[in-house]
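Quick note, the sequences are listed as chains A and B, same order. Position one of the first sequence corresponds to residue 1 (our numbering), numbered consecutively onward. Position one of the second sequence corresponds to residue 1001 (our numbering), numbered consecutively onward. Glycine included, C-beta positions come from ideal geometry on N, C-alpha and C. The model shown is predicted, which means the values in this text are computed figures rather than measured ones. Contents: one structure, followed by commentary.
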Amino acid sequence: MIADSAPIVSLRDVRRDYALGAERVHALQGVSLDVERGDYVAIVGPSGCGKSTLLNLIGVIDQPTSGTVTISGKRVDAMSDREATSFRLHNIGFVFQRFYLMPILSALENVALPMAEAKLRREERDARAAELLAYVGLSSRERHRPSELSGGEQQRVAIARALANHPALLLADEPTGELDARTGTEIISLFQRLNSDGTTIVVVTHDEDLANAARHNVHMRDGRIVNA
Amino acid sequence: MLAVLGVAVATAMLLDMVMLATGMRESFRELLLSQGFDIRLAPKGTLPFDTDATIPGVSAITGVLRSNPDIREISPVLGGSIHIPVGARDVSAAVLGVDPTVQGDYEFLSGRDITTPDAIVANDYLLKKLRASFGDTLNVSAGYDPQTRTYSGQRKLVLTGKARFIYGATEQSAAAVRRETLEALGGGARRDRASLFMVRVRKGASPDSVRNWIATQIPSVSAISVATAIAEVDQRLSYFRQLAFILGAVSLFVGFLLVTTLVTVSVNERAGEIAVMRAIGVSRAHVVQQIVIEGVAISVVGAIIGLALGLVTARYLNSILSAFPGLPMAIDFFLFQPRAAWSALGLLVGSGIFAGIYPAWRAASLPIAESLRREAIA
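This is how it looks when you write it as structure tokens:
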């Protein structure tokens, strides 16, 4: 049993090296970080400083070269693919810069997709998907395909999809990167509303407005956290 | 759409080759069995009407055959050719001398059958050449010398009816008379001779046992059951079968490569989408399943279009090949059999599954973070 006071994300001395041709790239060089439950953290820094690598490790879609990553009290740094997939499905919601919705599915079906993977009954997932689309203000667009939605609407569908299985943690990688300023502001407001409703959010961004909306900023440079 | 059409063309070719590989054999088998005769006796070492050779001693052979209680009917057939002058022209035709009550060589269509020794029935093609009507008397000769334009062994026969000759070739003039009439036309040389015996066995009796019995009792003839005839035809048609097998295999391989290429291109284009699916918790197995289904869907749609296309092309090719001189009209090179269609469809769907597995597994095995990083850079 993990106490609610324990950090939801805990990284200790995490390193991540890549082979880039003959060269070895040290993307993360001994990063330690705690994110409290209910927090809203923005990871900022120049391009190539290791922000996305850090987010990928927190999201269990990558594994560290060394160090430990604990999410919701569970070590995730050495999980098998099957374990990691199941962990992500039930514990983590992802939002990406590009929305990556399934083009042949409607907004409702896209949101219901992770629930189908989690083997929820159709009625349950349709009801939950409708509820989430209403939460992000897209009740009237349930039956629309991604190609019939604006960029901001597609990102809101992607956020609803990320929340489908009640994740403990919502991760977003440049969620306003492909949006105009006005639509970006709508997404920032939506993230603030989500956080005030209890969702823990970690976001990687270059967008100052989005970073300013977060409760805490983590600054990175050359694979290290320079100011948390 | 173009890619699906490509799969359809490969399917059409595969179906045609499957039909070609089995069609002629099945068609030949159906033709042999169509009149219910199970065994043919031909001059030793030949197939029926393969040469001009004849079997002597029809009466004696008939007597021997009648001694076997498993033999129900015997139809000796004498083959030859006749010449009929029409104005200044000579019209020649193949002729069969048969007993009309037990014959299995033609289907009588109209008029009167060869119930009298002076009767002759002809096929539609010969009737058109003769421009004759039922009841007309024809001067029929067994021989014709084109140098001197003289006929030998001439006899007057009455055209009594029209028939369709089952083993006749396209655009072949053919006629039938009673066997004794044809014997008389040929003078002494054809007396008591037959080109072929057709034998019908009693229901329940084994044609192969009867065939073996005949081979022992009458060693001067070749006894051919439907099975041995098919085996012989199989041997002669092995070239067709090999060709069909090679072209069919090539079609299948081309279809396989097309689907693999299509699915691989599709997967590469959607690498980011697949990585995101994996990131949100979609399992590797589910990704593989979806992509394999995609490959199968392309194969099935292509195969359905291809089956229709294959049937149309088979019909067209069959009409060309069936016009080959000397081949019985009833022989089909491309015979549609539901089993052939199912085989082609099954092979295509199978290849669609295999075609999808490699790109699917490759897609599902891509490192998620690395794929997303590449997508972001792209």
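Note: glycine 1097 of chain B is bridge-paired with B:Leu1078 and B:Val1177 in the DSSP secondary-structure output. Excluding sequence positions up to five before and after leucine 1005 of chain B, its CB lies within less than 8 angstroms of the CB of Gly1302 and Ile1305, all in the same chain and listed in chain order. For glycine 1111 of chain B, the uninterrupted beta strand (DSSP E) run begins and ends at 1106-1111, by DSSP. Proximity of chain A to arginine 1373 of chain B at the Cβ level (cut-off 9 angstroms) is accounted for by Ser52, Thr53 and Asn56, in chain order.
Closer than 9 angstroms to the CB of methionine 1277 of chain B there is at least one CB belonging to chain A.
Rounded to whole angstroms, glycine 1143 of chain B and glycine 1079 of chain B show a C-alpha spacing of 14 angstroms.
As DSSP reads the structure, glycine 1161 of chain B sits in a beta bridge with B:Gly1111 and B:Val1121. When DSSP states are grouped into helix, strand and coil, asparagine 217 of chain A belongs to the strand group. Within chain B, Arg1278, Gly1281, Val1282, Ser1283 and Arg1284 have C-beta atoms less than 8 angstroms from the C-beta of threonine 85 of chain A, given in sequence order. Under the three-pair Cβ rule at 8 angstroms, the region 1053-1070 of chain B does not count as touching the region 1368-1378 of chain B. Chain A has no Cβ within less than 9 angstroms of the Cβ of glutamate 1232 of chain B.
Under the three-pair Cβ rule at 8 angstroms, the region 59-77 of chain A counts as touching the region 8-17 of chain A. Boundaries around glutamine 1289 of chain B are those of the alpha helix (DSSP H), 1284-1322, since no beta strand (DSSP E) includes it. By the Cβ neighbour-count rule, isoleucine 188 of chain A is buried, with 16 or more other Cβ atoms within 10 Å of its own.
Contact annotation: threonine 70 of chain A and arginine 16 of chain A have beta-carbon atoms that are not nearer than 9 angstroms.
For leucine 1182 of chain B, the closest of B:Gly1168, B:Glu1232, B:Ile1298 and B:Val1098 by C-alpha to C-alpha distance is B:Val1098. Sequence-distant partners of arginine 182 of chain A (beyond 5 residues in either direction) whose C-beta falls short of 7 angstroms from its own C-beta are missing from its chain. In the DSSP secondary-structure assignment, alanine 19 of chain A is bridged to A:Arg24.
Cβ atoms of alanine 1344 of chain B and threonine 1260 of chain B stay farther apart than 8 angstroms, at about 19 angstroms.
In this structure, arginine 1164 of chain B lies away from isoleucine 1114 of chain B, with their beta-carbon atoms at least 9 angstroms apart. Taking C-beta atoms under 8 angstroms as the contact rule, leucine 1159 of chain B and leucine 1138 of chain B qualify, at a distance of about 6 angstroms.
Here the alpha carbon of alanine 1003 of chain B sits roughly 12 angstroms from the alpha carbon of valine 1254 of chain B. Within the same chain, Cβ atoms closer than 7 angstroms to the Cβ of valine 111 of chain A are found at Ala129, Leu132, Leu133, Val157, Ala160, Arg161 and Ala164, the five residues on either side in sequence being excluded. Distance from phenylalanine 87 of chain A to valine 60 of chain A at the Cβ level is roughly 6 angstroms; contact confirmed, criterion being Cβ atoms closer than 8 angstroms.
In this structure the region 1005-1024 of chain B does not touch the region 1356-1370 of chain B; the number of beta carbon pairs closer than 8 angstroms is below three. B:Asp1070 is the residue among B:Gly1063, B:Thr1150 and B:Asp1070 whose C-alpha sits nearest the C-alpha of aspartate 1038 of chain B.
Contact annotation: methionine 1198 of chain B and serine 1075 of chain B have beta-carbon atoms nearer than 9 angstroms. Contact annotation: the region 197-207 of chain A touches the region 164-181 of chain A, with at least three C-beta pairs closer than 8 angstroms. Look at proline 114 of chain A: its C-beta is under 9 angstroms from a C-beta on chain B. Around the Cβ of alanine 42 of chain A, a 10 Å sphere holds 16 or more other Cβ atoms; the residue is buried. C-alpha of glycine 1248 of chain B to C-alpha of leucine 1014 of chain B: approximately 5 angstroms in a straight line. Residues of chain A whose Cβ lies closer than 8 angstroms to the Cβ of alanine 1271 of chain B do not exist; the shortest such Cβ separation is about 11 angstroms. Residues of chain B whose Cβ lies closer than 9 angstroms to the Cβ of leucine 89 of chain A are, in chain order, Ile1280, Gly1281, Val1282 and Ser1283.
Leucine 1130 of chain B sits away from lysine 1162 of chain B, with the two beta carbons spaced by 9 angstroms or more.
Of all alpha-carbon atoms in A:Pro103, A:Asp126 and A:Asp62, the one lying nearest the alpha-carbon of glutamate 83 of chain A is that of A:Asp62. Taking each of A:Leu33, A:Glu109 and A:His26 in turn and checking the Cα distance to histidine 219 of chain A, the smallest one comes out for A:Leu33.
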